[in-house]
Ligand SMILES: NC(=O)c1ccc[n+]([C@@H]2O[C@H](COP(=O)([O-])OP(=O)(O)OC[C@H]3O[C@@H](n4cnc5c(N)ncnc54)[C@H](OP(=O)(O)O)[C@@H]3O)[C@@H](O)[C@H]2O)c1
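In my numbering, the protein residues as written are 1 to 167.
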């Protein structure tokens with residue numbers, strides 16, 4: 001069975017994803033969706049994103065194998081640490097195979113989305129319809145992605161949840 005590599009990200013109109021090592025907005029519906037989509041499946045994160053999740057939740061993401069990419073000898077309670085993205089993806093796929101799962105996740109942040117992009121088959125994209133003055137931005141997507149789903153949500157701020165696939 002081919003195991004899909006999917007990124008999951010929320011970004012503003014100007015491609016901002018973060019500010020001060022946290023999310024620039026609080027959208028409970030999107031956090032619920034993140035949980036529902038990724039639950040049970042391995043998720044790969046950069047060391048900074050992992051630390052921001054631990055700061056927020058007091059622990060690693062429950063119910064999912066947390067795989068952290070770091071060049072240092074970072075030790076993470078509740079996570080597997082890998083020295084590069086290729087090892088992290090191989091490790092995530094091994095775990096998925098053992099559990100008969102068909103998908104693993106790239107959970108950011110910007111550095112990890114960037115190095116994982118060549119291996120990414122699908123992007124679950126929440127587009128938040130505001131411009132944000134943040135400090136972390138999603139890398140430029142090449143043109144060969146097509147939108148296969150889109151759902152618009154009103155709210156403050158309004159947002160759309162899209163699925164993109166590599167063509
Ligand atoms: N909006 C969203 O959907 C979303 C999702 C996730 C994160 N975020 C936000 O994004 C921001 C964090 O993103 P970020 O880009 O600053 O950091 P990051 O990608 O989460 O983590 C960066 C760290 O990953 C490790 N790393 C990076 N490239 C590597 C490589 N080639 N090989 C091995 N390790 C590597 C390094 O860890 P070491 O320094 O330990 O070596 C580096 O410091 C935060 O604001 C967070 O809230 C937003």
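No residue lacks a Cβ here, since even glycine has one placed at the ideal position from N, Cα and C.
Exercise. Buried or exposed: where does residue 5 fall if 16 or more other Cβ atoms within 10 Å of its Cβ makes it buried?
Worked result: With 16 or more other Cβ atoms within 10 Å, it is buried.
Exercise. What first and last residue would you give for the beta strand (DSSP E) that runs through residue 113?
Worked result: Going by DSSP, residue 113 is part of no beta strand (DSSP E) but of the alpha helix (DSSP H) stretching over 110 to 116.
Problem set entry | Beta-carbon proximity list for residue 83, same chain, < 8 Å, skipping 5 on both sides | The beta carbon of residue 83 lies closer than 8 Å to those of 69, 70, 71 in the same chain, with the five residues before and after it left out.
Exercise. Do residue 20 and residue 131 have their C-beta atoms within less than 7 Å of each other?
Worked result: It is not a contact, given that the beta carbons lie outside the stated cut-off.
Exercise. Would you say the beta carbon of residue 105 comes nearer than 6 Å to a heavy atom of ligand 1?
Worked result: Here the distance from the Cβ of residue 105 to the nearest heavy atom of ligand 1 is not below 6 Å.
Exercise. With distances taken from CA atoms, which of 119, 166, 109, 147 is nearest residue 138?
Worked result: It is 109.
Exercise. Just to confirm, does residue 10 get its C-beta within under 6 Å of one of the non-hydrogen atoms of ligand 1?
Worked result: In this structure, residue 10 has its beta carbon less than 6 Å from a heavy atom of ligand 1.
For this session: Report back the beta-carbon spacing between residue 159 and residue 127 to the nearest angstrom; my notes put them in contact at under 8 Å.
Result: Taking a contact as a CB-CB distance under 8 Å, the pair residue 159 and residue 127 counts as one, their CB atoms being some 6 Å apart.
Problem set entry | Length of the line joining the Cα atoms of residue 1 and residue 85 | If I take the Cα positions, the gap works out to 21 Å.
Problem set entry | DSSP state of residue 152 mapped onto helix, strand, coil | Strand.
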